[in-house]
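Notes follow once the structure below has been shown.
Numbering (the working numbering), first residue to last: -19 to 186.
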């Protein structure tokens, strides 16, 4: 019984941590939509979420980072890609497939999809959030580039090129998704992602 208690306790702590992080994210989104990022303080977000400032900084870091709770699914995807002998084309395709899978999962989760769309819409109007999104994307890819390059036997430039191509497709899909939402139009994110892959593929072939 004692050996089983630790994993159960860890699972409960992880679940509570996730719940608290979600509460912080929702509070930050509400305040950013109400008054903008610049006029929102960490103390206001913490109070709205019902946590201390110390807990906020431990779980969220900065007020901008507080809303990017769903980005982890894409960052973790970098660790899965690539097999020995892959070239840029194969690596790019592997990334596309992983990103497509994560977008399908996001689309299937109504709460996460709504939350993620709110973030993307804010990014279109808030330069500080755009900067944070770019920084997080770059930092996430940089963490995995050397490991992927060494594991599959290609240059870091090859890996960065593949990540850049796949990330461009996904970012374009996310931006268009948010723009259509701003116009009151419904859009299927996975379908948009596939459409943009087709368009960029055709452009590259010309």
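Virtual Cβ for every residue (Gly too), placed ideally from N, Cα, C.
- Put simply, the segment 55 to 64 does not touch the segment 2 to 19. Fewer than three CB pairs are less than 8 Å apart.
- Residue 112: member of the alpha helix (DSSP H) spanning 107 to 132, first to last residue.
- Residue 49 and residue 1 have their C-alpha atoms spaced approximately 7 Å apart.
- The continuous alpha helix (DSSP H) containing residue 38 extends over residues 33 to 39.
- A distance of 9 Å or more separates the beta carbons of residue 17 and residue 97.
- Residue 62 counts as buried, since at least 16 other C-beta atoms from the protein chains shown sit within 10 angstroms of its C-beta.
- Fewer than three pairs of CB atoms, one per stretch, sit closer than 8 Å, so the segment 30 to 42 makes no contact with the segment 66 to 81.
- Per DSSP, reduced to three states, the secondary structure at residue 165 is coil, with no helix or strand assignment.
- Note on geometry: alpha-carbon atoms of residue 172 and residue 27 lie some 37 Å from one another.
- Taking the C-beta atoms as reference points, residue 100 is found no nearer than 9 Å to residue 51.
- Taking C-beta separations shorter than 7 Å and ignoring five residues to either side along the sequence, the partners of residue 25 in its chain run 4, 7, 8, 11, 36, 43, 46, following chain order.
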